[in-house]
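Structure, as structure tokens:
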Amino acid sequence: MAALRKPGKLALPSVESTIGKFLTQSGTFRDGDLLVNKDGLRIVSQNEEGEAPPIKPLDNQLSLDDLDAIKVIGKGSSGIVQLVRHKWTGQFFALKCFYVNGAISIVLEYMDGGSLSDFLKAVKTIPEFYLAAISSHDLYNKCSNFILQVLRGLMYLHHEKRIIHRDLKPSNILINHRGEVKISDFGVSAIISSSSAQRDTFTGTFNYMAPERISGQKHGYMSDIWSLGLVMLECATGNFPYPARESFYELLEAVVDQPPPSAPADQFSEEFCSFISACIQKDVRDRSSAQILLGHPFLSMYDDLNVDLASYFTTAGSPLATFE
């Protein structure tokens, strides 16, 4: 009878430090705060390492096989956005697919009111009291002031995440039937190293660019405030604040060289005109920050008005989707 061999110890090769920086033992690729594995993609905060996420994630439970495509709701230069429904829960999501050296799919919250751009096409203008009033009927959102929600979004980006959006415009502001307003599309956003740091790259939609960006100067959070002012003025008047130009270059020259647009004093309240002026100042030093704008008198002048922002979004021509 052959002698039994003494079992040897099984050892796994150590992971090289250079690879360990990017690939975890579970097979997850990590680069900074971006995690990618077979289950999908997730962004984590720097202090999340080894801790439970603050919200219950779906990335380990959701598969593309669990989603039924309903229709295409958006198209871009690098991919499409589809409305999808989860087979088991019936919940709707927006599925954003990018096709750059392969396909990356990101499942996002579905905002059933579409974009602010879609809404403006239907209603033409938004009365200023809908922009500022707090909705007393909104059970989901106790502070559904339209501008307030956008400002809080910018506050979160600027002060907590140190992110400049750089492409704030009507098509990148989304609404839903609950009266919620959210900022979207961070494809050209920039993370800066500190609250005083600035960027000098030229990205984003030129129509809503601040003068300092068009001129190629360094820019910071205040460039988003300029864009906010133009968007709110467009909501109130129904027109892009700058008159139509013959060419792209004429518009850029107008933004840089001419006085900034303003809200007509004979059509709007003094408070609204002041709010727009606080945003649309050519000199960055004269613009108000999101934090200062949160205390602007315009945001509280309609507090006593009985406004239902959720119903307004639903009934005033919003392309809210319904399914049987």
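Just so we're aligned: the sequence shown equals residues 1 to 324 in full-length UniProt numbering.
C-beta: ideal position from N, C-alpha, C; glycine also.
None of these values were measured; they are calculated from a predicted model.
Near residue i, what residues of its chain come up, given a Cβ to Cβ distance below 6 Å and the 5 sequence neighbours on each side ignored?
i	result
E48	Reliability of the predicted coordinates at E48 is poor, the pLDDT of 41 falling under 50, and no value is obtained from them.
residue 347	Residue 347 is absent from the structure shown; the chain starts at 1 and stops at 324.
S115	S171 and L174
Specify, as a first and last residue, the run of the alpha helix (DSSP H) that residue i falls within.
i	result
S277	E270 to C279
I225	M222 to T237
S311	L309 to T315
E245	Checking the sequence shown, residue 245 turns out to be Arg, not Glu. Per DSSP, R245 belongs to no alpha helix (DSSP H) and is neither H nor E.
I147	F146 to M155
Y130	E128 to A132
Could you tell me the boundaries of the beta strand (DSSP E) in which residue i lies?
i	result
S105	A103 to E109
R85	G79 to H86
V284	Per DSSP, V284 belongs to no beta strand (DSSP E) and is neither H nor E.
D118	Where D118 is concerned, there is no enclosing beta strand (DSSP E), although the alpha helix (DSSP H) it sits in stretches over L116 to V123.
I175	I173 to I175
I214	Premise fails: I214 lies in the alpha helix (DSSP H), P211 to I214, not in any beta strand (DSSP E).
I183	V181 to I183
With DSSP as the reference, identify every bridge partner of residue i, one or two as the case may be.
i	result
A290	According to DSSP, A290 bridges with nothing at all.
G74	V81
F240	Its beta-bridge partners do not exist; DSSP assigns none.
K96	V81 and I106
L305	None, per the DSSP bridge assignment.
A69	V84
Hey, would you say residue i sits closer than 8 Å to residue j, going by beta carbons?
i	j	result
A103	Q82	no
A236	L131	yes
Y242	S227	no
L168	V231	yes
L305	P261	no
G238	T125	yes
V107	F146	no
F272	F240	no
S105	L64	yes
D159	I183	Sequence check: residue 159 is His here, not Asp. Going by C-beta atoms, H159 is not nearer than 8 Å to I183.
Y302	F129	yes
Leaving out five residues on either side along the sequence, give the residues of the same chain with a beta carbon under 7 Å from the beta carbon of residue i.
i	result
P127	none
E212	H219, S223 and V284
L151	A290, L293 and L294
I80	V72, G74 and C97
G229	I276, C279 and I280
D185	D167 and N172
D66	H86, K87 and W88
Kindly list the residues whose CB is nearer than 8 Å to the CB of residue i, restricted to its own chain and excluding five residues on each side of it in sequence; keep chain order.
i	result
F313	G113, F119, I175, N176, H177, G179 and L320
M155	A290, Q291 and L294
Flag residue i as yes if its beta-carbon sits less than 8 Å from any beta-carbon of chain D, otherwise no.
i	result
P261	Among the chains of the structure shown, chain D does not appear; only one protein chain is present.
Confirm the yes/no value for this check: CB of residue i, any heavy atom of the ligand GDP, distance under 7 Å.
i	result
M155	This structure does not include the ligand GDP; it has no bound ligands of any sort.
Between the stretch 246-260 and the stretch 163-175, do at least 3 Cβ pairs fall closer than 8 Å? no
When you compare the stretch 213-228 with the stretch 281-289, are there three or more beta-carbon pairs, one atom per stretch, that lie closer than 8 Å? yes
Flag this pair as touching only if the stretch 273-280 and the stretch 289-304 have three or more C-beta atom pairs under 8 Å; answer yes or no. yes
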